[in-house]
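Q: Sequential numbering of the sequence shown, starting at 1, is according to this note's numbering.
We put the CB at the ideal spot given by N, CA and C, even for glycine.
Pasting a structure below so you can have a look.
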Amino acid sequence: GNFELLFEKSGMKQRARFIKAMIFGREMKVVRIDKAAMDYYIRLTNFYHQFQAIGNNYNQTVKAVKSNFGEKRAFALLRNLEKATIDLVVLSKRIVMLTREFEEEYLIKRRKEEQQNGG
1 GNFELLFEKS
11 GMKQRARFIK
21 AMIFGREMKV
31 VRIDKAAMDY
41 YIRLTNFYHQ
51 FQAIGNNYNQ
61 TVKAVKSNFG
71 EKRAFALLRN
81 LEKATIDLVV
91 LSKRIVMLTR
101 EFEEEYLIKR
111 RKEEQQNGG
């Protein structure tokens, strides 16, 4: 019932300690870790770091191409880089869209469920 739910949410390992804390009125704090949300956040953070690295490499590449090749050759090489950059922009927009969907469909839904269950 409700006791088991509270005990589970408390994260305590021993029922006796949980009962003592409840009886003597010690404030109980329940911290819930949402594994799916945490995994998504970690993957999103990894994407962010990868995009930073790509940005740094991009700047270095443009400088190197401009200083080491003639204008015509540099233009051709940078054109290929531009195409890859457009692909990255499309991917970035997709990531943003998926993140919004995840927040709306999963996180907001989860919060509503917790509020309805008294959590």
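CA-CA distance, phenylalanine 102 and valine 65?
A: Roughly 40 Å between the two C-alpha positions.
Q: Once DSSP output is grouped into helix, strand and coil, what is the label at phenylalanine 69?
A: In this structure, phenylalanine 69 counts as coil in the three-state DSSP scheme.
Q: Please look up how many angstroms separate the CB atoms of phenylalanine 7 and phenylalanine 18, rounded, as I've assumed it's under 8 Å.
A: Contact holds; Cβ gap of about 5 Å.
Q: Once DSSP output is grouped into helix, strand and coil, what is the label at glutamate 4?
A: Note: glutamate 4 maps to helix in three-state DSSP.
Q: Ordered along the chain, which non-local residues of its own chain (more than five positions away) have a Cβ less than 8 Å from that of isoleucine 54?
A: Result list for isoleucine 54: Leu88, in chain order.
Q: Assess contact between the segment 31–40 and the segment 95–110, defined as three or more Cβ pairs (one per stretch) separated by less than 8 Å. Is contact present?
A: The answer is yes - the segment 95–110 touches the segment 31–40, with three or more Cβ pairs under 8 Å.
Q: Mapping DSSP to helix, strand and coil, what is glutamine 52?
A: The answer is helix: DSSP assigns glutamine 52 an H, G or I state.
Q: Considering only residues of the same chain and omitting the five flanking positions on each side of arginine 15, which have a CB-CB separation below 7 Å?
A: Closer than 7 Å at Cβ, skipping near neighbours: Phe7.
Q: With DSSP collapsed to three states, give me the class of methionine 12.
A: Three-state result, methionine 12: coil.
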